[in-house]
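This report concerns only the one structure given below.
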Amino acid sequence: MSALKDRLKSGEIVIGTMAVEFNTPNLPRMLQISGFEYMIVDCEHGYFDYASVAQMIAVAKGWRMPVIVRIPDTSRTCILKYMDMGASGLLVPMVSGPEDLQRVVEYAKYRPIGKRGVALNRTHAGYEVPDAEAYMRQANDETILLGQIETAEGLERVDEICAVSGIDGMLLGPNDLLQDMQGDGDTLSTEVATAHLNGAISKLGKAAHRHAICSGIISSDQTLLKTGVEHGMQLLSWSSEVRLMMAQASNGLRQLEELRHLH
1 MSALKDRLKS GEIVIGTMAV EFNTPNLPRM LQISGFEYMI VDCEHGYFDY
51 ASVAQMIAVA KGWRMPVIVR IPDTSRTCIL KYMDMGASGL LVPMVSGPED
101 LQRVVEYAKY RPIGKRGVAL NRTHAGYEVP DAEAYMRQAN DETILLGQIE
151 TAEGLERVDE ICAVSGIDGM LLGPNDLLQD MQGDGDTLST EVATAHLNGA
201 ISKLGKAAHR HAICSGIISS DQTLLKTGVE HGMQLLSWSS EVRLMMAQAS
251 NGLRQLEELR HLH
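When you line the sequence shown up against the UniProt record's numbering, it's residues 1 to 263, in that order.
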């Protein structure tokens, strides 16, 4: 079992962040040395190509930094490429029903769990597989498959979704969920939005617990992360490399403004 899965199964809280734009192979190591324990590469909104993701994963594997890829779609080709380049796991956005995840399990896991294509002389297997059957069992055990609740329908069907065999956890996506909840009406007030999100966090946390999988949340709002932890969530994704860089730059420049008074 992977170190990340071990930590989650033991009940630990694991904190990561999201890569949304910086296209450098060394980003996983930079984030790791900063204290993050895993990272999500956003290939849903981000414009990373397959080669750039493969390079980041290669560096990450050398430093034992788990990399989860948020996939742009659930096609066999897409899933197979990310798995074969050695991703620690996949995050499926916009999950509204169990069928969204069942397809991913089928393509990402080898038999007897799924029907993942077998190509073992590749980077994911280290180019050396003395025992193919043993390797595929290990890969099935270590691969982390996560879904993201971001729609009102997904929240309504969360018990069905959490019951999908082969899924390791579910994360809440607060921004899109709020957008979907308000529909075409007026923007929700802060108080109403907070109440909706707290209810969603509680509902997802309880459903995940019932089905013995982990739960988590993706947000730059540390108050939401705290609420998630209070409801049993373990897998936290805070901020992004872009937000972190801009925040540090802004803070530093504000301090440097004091130098103008010395001139």
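Don't be surprised by glycine CBs; every beta carbon is placed ideally from N, CA and C.
Beta-bridge partners of GLN148, as assigned by DSSP: LEU171
Cβ-Cβ distance between LYS109 and ARG103 below 8 Å: no
Euclidean distance between Cα positions of THR187 and LEU177: 13 Å
Cβ separation of ILE57 and ALA87, assumed to be a contact under 8 Å, to the nearest whole Å: 6 Å
Those residues which DSSP pairs with ILE68 across a bridge: ILE40, GLY89
Check whether LEU172 and ILE144 have beta carbons under 8 Å apart: no
Other residues of its chain near LEU225: CB distance less than 7 Å, five sequence neighbours each side excluded: ILE217, SER219, LEU236, TRP238
Start and end residues, alpha helix (DSSP H) containing SER202: 190 to 210
Identified DSSP bridge partners for LEU253: Bridge partners of LEU253: none, in fact.
Nearest neighbour of ALA35, chosen from PHE22, ILE15, ASN23 [CA to CA]: The residue you asked about is not Ala; residue 35 is Gly in the sequence shown. Checked all of PHE22, ILE15, ASN23; the closest Cα to GLY35 is ILE15.
C-alpha gap between TYR50 and GLU21, whole angstroms: 14 Å
Residue range of the alpha helix (DSSP H) that includes SER52: 50 to 62
Beta-bridge pairing of residue 269 - partner residues as DSSP gives them: This structure does not reach residue 269, given that the chain is present from 1 up to 263, and the question cannot be answered.
MET246 versus ASN23: straight-line alpha-carbon distance, rounded: 16 Å
Neighbour-count burial assignment, GLY205, 16 or more Cβ in a 10 Å radius: buried
Sequence-distant residues of its chain with Cβ nearer than 6 Å to ALA152 (five each side left out): ASP180, MET181
For VAL14, the three-state DSSP class (helix, strand or coil): strand
Nearest to GLY126 (by Cα), restricted to the options MET83, PRO98, THR77, SER52: MET83
GLN138 to ALA119 span [Cα, whole Å]: 15 Å
From GLU44, TYR135, THR77, residue whose alpha carbon lies closest to that of TYR107: THR77
Within 8 Å, strictly: CB atoms of GLY166 and CYS214: no
Rounded Cβ spacing between ARG29 and MET85 (contact assumed at less than 8 Å): Rounded, the Cβ-Cβ distance is 17 Å, inconsistent with contact.
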